[in-house]
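In what follows, a single structure is set out as C-alpha cells and then discussed.
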Amino acid sequence: DVILKDKRAYIFENALNHGSLISKEIIDLTEKYSQRVLTLNKLKDIKEDSFFELLGAKAILFQRISPIESRNLKIANKLFFEKEGVKFKFTFEDFLKIDFSPLTANISNNQLVSTTEMTNFPSLGFVMELPNDERAVVVLDGDVLESIISSEKIFKNVLIDAEGKNFFTQKTESIFTTLLKEQRAEKGVITTKLGGEEILLGFTKLPNLGLSIINFVSSKKAFGVTKVLFERTAYFGLSLLFLFFIFGLLFSITLTRPITKLSDATARVSEGDFTEPVTIKTRDEFKVLSDSFNHMMSTINDLLLEKQDMIDELNLANEKLEDYSKNLEQMVAQRTEELRKANSFLEAMINSLDQGLIVFGEDKICKDVYTQASVELFGVEPSGKEFLEVVGKEDQKTSLEKWMSILFSEMIPFDSAKGLGPSSIQQGESIHSSNFKFIALNYYPMRSDEGKIENIVTVATDMTEEVIAKQKNKERESFVNMVLKLTNNREQFFSFLDEIDEIILDVQNILNDSEFDPDALDIKMLLIHYHTMNGGFGLFSVTKIQEHARSIEQKILDLKDQDIPHKEKHKQIKEAALSMEVIVEEFKESLVAVFGKDIESIKTKHEYEGKDVEKFRKLLVKYSHPKVVAKYEQMFIFSPVKSFFSGYEDLVKTMSQKLGKEVYPLQLKNAELRIPAEPYKDFFSTLVHLFRNCMDHGIESNAKRAELGKDPKGKITVDFKLDDDKTFEVVVADDGGGINPEIIRERLKEKTGEEFDDVSDDQIIYKIFDPEFSTRDEVTEFSGRGVGMSAIKEIVDEKGGKIILESKVGEGSKFTFKLPYS
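In our numbering, the protein residues as written are 1189 to 2010.
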C-alpha cells in the first residue's frame, strides 16, 4: 500500500508539474507575441517582410480591426507560404481574403483559438486588445503549439478548448468534456476510465486562454513494474511464514509445561491462596518469572495485613472531606452573592448612561451586553441581531461587510479603518421633519491577551439637538446673506423677478399646449428655464428656491431618458412646475418683511440723486429742444449698465471662496454708460452662466497659475461700448486656461461618434454654445448640465445679435456680444 500510494502521488505530482510547465510555455508564447505586436503596431511605413521578420517566423498573418475603417490592416507572411515542405490548398492571395474579424466579437483578450478549419492546415490564432478600442488577430503556425504539448514522452497530452474539443481536431473523448464541466478547480488529478481501461489523469486549466491541458497515462503502464514487485514479495513472504510455523511448533513444546504451572498458580492466587509457591527447575526466563511471581505473592500477603489500617485512615479522611465540602458550599454561595451585587451595580451604571453601547464580534452578531439607551436610540433590542440590522444599514450590506472584515483582520490600523464605516445614522429628510433624528457612531476595539481584536464596542450618541441648532444657524446666516444681496442689488433683483414671471407663464403655455401632443413638450426649453432659475436664485442666495429649481431640472433630465407614457411624463413635470409656482409666490409674499412694503409698489418707483433732478430742471427751463428730451431719457429712463452687474461682483467673490481660487474683484469698464434697460434685462440675467463658466472652467487653481508663471490671482473684466447708437457691445474676458479645441473634439466624438478633424480650432470652440454640451463628466453645483451657454446664444439670436469668441489655450478667453441698440 505504501509503495502504491507513493507511486500514485509521484505520478500525479509529475502530471501537475508537466501541466504547469506546458501552461507556462503557452502563456509565455502569447505574451511574447503580444508584446511584439504592441511594439510593431506603433511603427508606421514598415515593409511586410520586415514586419514578420521582427514579429517572428512562426507568425502567418496579422490583422488589425479598428472602429475607424481607415486604420484596418491585414498582412500575411509571404515567406512562410514560399518555404519548402508546406502545402496549401489555396494561393497566398486567397489566404489574404480570409476574414478573421469575427474572432474579435466573442473571444477575450489573448485567448487562443484553433484556426485549422478556416485555413485548412494546423494553425492557431489569438486575439489581443490594442489602444484606441482596436483589436488584433495573430495567426501562428500550429507546429509552435504541437512542439510544446508533445514535449513529454511518458504522458499523452491533449489540449482542449472551451467547448471540450481537441484544439487541432473537431472531436475528443467525452470523458475530457465531462471532466472540464465537473471540475471547478484550476488544476487537479483524478483516476478514471478511458476505453474500458483505468487511467491516471491530470488537468490544468488556462482560463484566460480558454484552454485546458490534459495529461494521462494508463494504470497498467504506470504500475507495471510495481505489480511484478508485489508478486515476488508475496512468494517470498509465504516461504518465510512456512519456516516460522515449523520452528514455532518446536519451541511451543518447551514453553507449554512452565506456562501450565504458572497458569495453575495464577488460578490459586485469584481464589485468595498465597501459600503454595511455584517451582520451575529450568534456567531460562520462566525460572526468573516464577521467582518474580513468588515474590509478588509474598508482597501481596504482607499488603493484606496492612489493609485494615489503610481502611481506617481512609474513613477518617472521608469525614474531614465531608466537613470541607460543607464549608466550600457556604463559601461559593457567599462569593456568588458578592458577584451578583457587583453585576447589578455595573448594570445600573451602564443603563444610566445617555449613550448607546452595543458590542459585536467577527460574526457580525450583537452580544448580550448593551445599554438601555441603545434600545431607545436604535428602536430595537440589539441582542442576537446582526449589527447592520440594528443600525439600519442593511442596504449597504456588501460594502459594510468588507469594512467589518478589514476591522477584524487589521489590514490597516484600527483608527484608520474605523473611519471607513458608518459615522452616523439620520432619520427624516431634514431637520424640519417630525421624525428627524441624528445619531453619531464611534468604535473602540476589545482585544485578547495576545492583542487580537475579538469584539468591537459601538458607542452611539444622540446629536439631534446639536445638528438642528447648527442647521438653523446656517439657515439664519443664509437668510441674512440673501437680504443683503437683495437690498444691495434691488434693481437687478426686480428685473430678475419680472423674468421669472415670464418663465412661469411660458412653462404654463408649454404644458398646456403639450397635454395631448408629445411633440409640443419642449424639454429643451423647460431645461433652459429651470437652469436660469437655478442660476438666478443662486445669484441672490435664495438657496431654497435654487435647490428646488435644480431638483426639477434633474427630474426633467431623468424623465427625458425614461421610456414611460407621455401622459405620465407630462403629469410629473406639471406637478413639479406647480410646486415651483407655489414656492415662488410664497417667496414674493415673504419679501414684504425684507423691503417693508409690497413688491409691486416698489418695482414701479425709481430712485435718483437730487443733484441730477435739479440739473434737469434747469435745463428744461433753459431749453426747449429735442436734446432736452434725450437728456431726460438718459437721466430718468435709462439706467447705468453697472446696476445690472453688481450682483455678478458678489457671484465672482462667492465662487472664489467655494472653489478655492483667488480672483481680483470683477472689473467693469465704462460701467457708467446709460442704456434703456428693458430690451436687455433677459440678456443680462443669462450672463450668470458665463460668469460661472469663467470661474469654474476658465480660471485655473492658484497652484496651476503659479506653475505657469501667471499672477496667482485670476482676473475677469467686462467692457461696455455703444457704437454710433446702432450696436450695444458687451465684452467679457478672463485670463484663465482658455478653451482647448482638442477637448471639444474628444467630447463631441464621445457624444456623436463622429470625427471633427476637418473643423478648424477657431470654429470648433463655438460648440460650447450647443444644447446639452459640457466638458464636465459630472454635474456640479456650478456647471455640467450643458444648458447655460446655449441659453445665452438663444437670447442673443432672438435679439438679432451675434457672438464673437476668441480663445487661446493657457492665456484666456474673450466673449464679445454685439446686440442691436434700441
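A virtual CB, placed ideally from N, CA and C, is assigned to each residue, including glycine.
Limits of the unbroken alpha helix (DSSP H) element including residue i
i	result
TYR1852	First-last for TYR1852: undefined, no H or E at that position.
VAL1476	1473-1493
MET1592	1585-1597
MET1768	1754-1778
THR1915	Per DSSP, THR1915 belongs to no alpha helix (DSSP H); it is in the beta strand (DSSP E), 1915-1922.
VAL1579	No alpha helix (DSSP H) holds VAL1579; DSSP gives it neither H nor E.
ASN1700	1678-1701
ALA1894	1890-1895
LYS1748	1731-1749
THR1940	1929-1940
Cα-Cα separation between residue i and residue j, rounded to whole angstroms
i	j	result
ASN1676	TYR1836	12 Å
LEU1450	SER1440	15 Å
GLY1972	VAL1770	With a pLDDT of only 45 at GLY1972, under the threshold of 50, the placement of this residue in the model should not be trusted, and no figure is reported.
PRO2008	ASN1320	48 Å
ILE1716	TYR1820	37 Å
THR1649	ILE1613	10 Å
SER1948	LYS1955	12 Å
PHE1725	LEU1231	56 Å
GLN1560	ALA1657	26 Å
GLU1322	SER1254	5 Å
MET1670	TYR1558	47 Å
LYS1673	SER1666	11 Å
GLU1756	LYS1743	13 Å
SER1995	ILE1644	59 Å
SER1208	ILE1286	34 Å
GLU1473	ALA1505	44 Å
GLY1436	PHE1462	34 Å
GLU1598	SER1636	14 Å
Contact check, residue i vs residue j, beta carbons under 8 Å
i	j	result
VAL1695	LEU1714	yes
LEU1878	ILE1991	no
LYS1759	PRO1959	no
ILE1348	LEU1399	yes
VAL1563	LYS1555	no
VAL1225	LEU1243	yes
MET1883	VAL1840	yes
TYR1631	LYS1606	yes
ILE1688	MET1721	yes
VAL1918	PHE2005	yes
GLU1642	GLY1723	no
ILE1953	PHE1916	no
LEU1727	VAL1876	yes
LEU1312	LEU1333	yes
LEU1588	PRO1610	yes
ARG1252	ASN1265	no
VAL1655	ILE1619	yes
ILE1627	LEU1545	no
ILE1336	ILE1210	yes
Whole-angstrom C-beta distance between residue j and residue i, which should lie under 8 Å
i	j	result
HIS1206	PHE1343	6 Å
ASP1922	SER2001	6 Å
GLN1680	SER1831	7 Å
ILE1191	THR1454	Not really, about 45 Å apart at Cβ, beyond 8 Å.
ASP1710	ILE1698	5 Å
ILE1434	VAL1405	Actually they do not touch by this definition, with Cβ atoms about 45 Å apart.
Extent of the continuous beta strand (DSSP E) to which residue i belongs
i	result
LYS1552	Premise fails: LYS1552 is in no beta strand (DSSP E) and is neither H nor E.
GLU1642	1641-1650
TYR1718	Per DSSP, TYR1718 belongs to no beta strand (DSSP E); it is in the alpha helix (DSSP H), 1711-1727.
ARG1252	1247-1253
LEU1399	1399-1406
GLY2000	2000-2008
SER1612	1612-1615
ILE1348	1344-1349
LEU1910	1904-1911
Contact test: residue i Cβ vs the ligand MN heavy atom, cutoff 7 Å
i	result
LYS1819	The ligand MN is not part of the structure shown, which contains no ligands of any sort.
Pairs of beta-carbons, one from the stretch 1323-1332 and one from the stretch 1369-1389, closer than 8 Å: are there three or more? Between the stretch 1323-1332 and the stretch 1369-1389 there are fewer than three inter-stretch CB-CB distances shorter than 8 Å, so the stretches are not counted as touching.
Three or more C-beta pairs under 8 Å: does that hold for the stretch 1838-1851 against the stretch 1880-1894? Three or more pairs of CB atoms, one per stretch, sit closer than 8 Å, so the stretch 1838-1851 contacts the stretch 1880-1894.
Touch test, the stretch 1855-1870 against the stretch 1902-1917, Cβ-Cβ under 8 Å, three pairs minimum: The stretch 1855-1870 vs the stretch 1902-1917: in contact.
Three or more C-beta pairs below 8 Å linking the stretch 1275-1284 and the stretch 1294-1304: A contact between stretches requires three or more CB pairs, one per stretch, nearer than 8 Å, and the stretch 1275-1284 fails this requirement with the stretch 1294-1304.
Between the stretch 1516-1524 and the stretch 1494-1504, are three or more C-beta pairs nearer than 8 Å? The stretch 1516-1524, when compared against the stretch 1494-1504, does not touch it at the 8 Å Cβ threshold.
Please confirm if the stretch 1684-1698 is in contact with the stretch 1866-1873, defined as three or more CB-CB distances below 8 Å between the two stretches. These segments touch.
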